[in-house]
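Undergrad: Before anything else, here's the structure in question.
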Amino acid sequence: EVQVVESGGGLVQPGGSLRLSCAVSGFTFSDHYMDWVRQAPGKGLEWVGRSRNKINGYTTEYAASVKGRFIISRDDSRMSLFLQMNSLKTEDTALYYCARRYCSGGSCHGRIDYWGQGTLVTVSS
Amino acid sequence: DVQMTQSPSSLSASVGDRVTITCQTSHDINNYLNWYQQKPGKAPKVLIYDASKLEIGVPPRFSGTGSGTHFTFTISSLQPEDIGTYYCQRYDDLPPLTFGGGTKVEIK
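Chains A and B supply the protein sequences, listed in that same order.
Take 1 as the starting number for the first sequence in the working numbering and just add one per residue.
Take 126 as the starting number for the second sequence in the working numbering and just add one per residue.
Now the structure itself:
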């Protein structure tokens, strides 16, 4: 059974840093693209960033709103994805979801087939 | 970047009604569009991928059509368990994903 579990959220002051973790199980982690998607309270979904899979060199891309401040990394031996968030702003307050991209036969699709339950990040003084 | 316009932002319909949501993009995205359902307090769930393909296990009352810049999502007969917010989502290489603004569906 595929499982995706985020952790690491909390309250942080503006300008501070926080590191989110996403532990996965039930599938071959290195085969899959992984995304971070966030949702501000009462708002819609916003894509944050992506890590490609091993065969595509684990390259990363970021939304313009977080580029230069957020870094995605992964540790396949620990079956974990990370989101290092620096220079946090009040507008980064959101529920952060870790999400698996559907991949099959070495090819990855644009749809997310598994999501965690999210971890809440609150940026406030 | 591709802009996405999803409408309406909310709707209220009766059980058994046909419900339609549209998503328009500023550029041709072929059929690179998915639809998600998010129930209150839950993570989103994909219902339709590649504009018109039904995800495994999703009831056939959900459907999607469209290509290019105009897409439609339909619930053929609204059920009480269908309340929630629906999002369209485009995908490509860069930027990888963009979500529409969402449509909140309520029962009248």
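By construction, the Cβ of each residue, glycine as well, lies at the ideal position given by its N, Cα and C atoms.
In this text, all values refer to a predicted model and were calculated from it rather than measured experimentally.
(1) Taking residue 112 of chain A as the query, report the chain B residues whose CB atoms sit under 7 Å from its CB, ordered along the chain.
(2) May I ask you to verify whether the segment 35-43 of chain A touches the segment 128-148 of chain B, counting CB pairs closer than 8 Å and requiring at least 3?
(3) Can you have a look at residue 159 of chain B and say buried or exposed, based on whether 16 or more other CB atoms are within 10 angstroms of its CB?
(4) Could you check if residue 181 of chain B is buried or exposed, using at least 16 other CB atoms within 10 Å of its CB as the buried criterion?
(5) When you compare the CB of residue 38 of chain A with every CB in chain B, is at least one pair closer than 8 Å?
(6) Compute the Euclidean distance between the alpha carbons of residue 77 of chain A and residue 24 of chain A, then round it to the nearest angstrom.
(7) Could you tell me which chain B residues have their CB closer than 8 Å to the CB of residue 63 of chain A, listed as they occur along the chain?
(8) Between residue 232 of chain B and residue 208 of chain B, is the Cβ-Cβ spacing less than 8 Å?
(9) At the level of alpha carbons, what is the spacing between residue 2 of chain A and residue 195 of chain B?
(10) Mapping the DSSP letters down to three states, classify residue 113 of chain A as helix, strand or coil.
(11) At a Cβ cut of 7 Å, what residues of the segment 193-216 of chain B count as close to chain A, listed as they run along the chain?
(12) For residue 128 of chain A, which of A/69, A/89, A/90 and A/91 has the nearest alpha-carbon?
(13) Below 6 Å CB to CB, which residues in the same chain sit around residue 95 of chain A once its five sequence neighbours on both sides are set aside?
TA: In short, the structure shows the following:
(1) 171
(2) no
(3) buried
(4) exposed
(5) no
(6) 11 Å
(7) 220
(8) yes
(9) 34 Å
(10) strand
(11) 212 and 216
(12) In the structure as shown, chain A starts at 1 and stops at 125, and residue 128 of chain A therefore has no counterpart that could be examined.
(13) 39, 118 and 120
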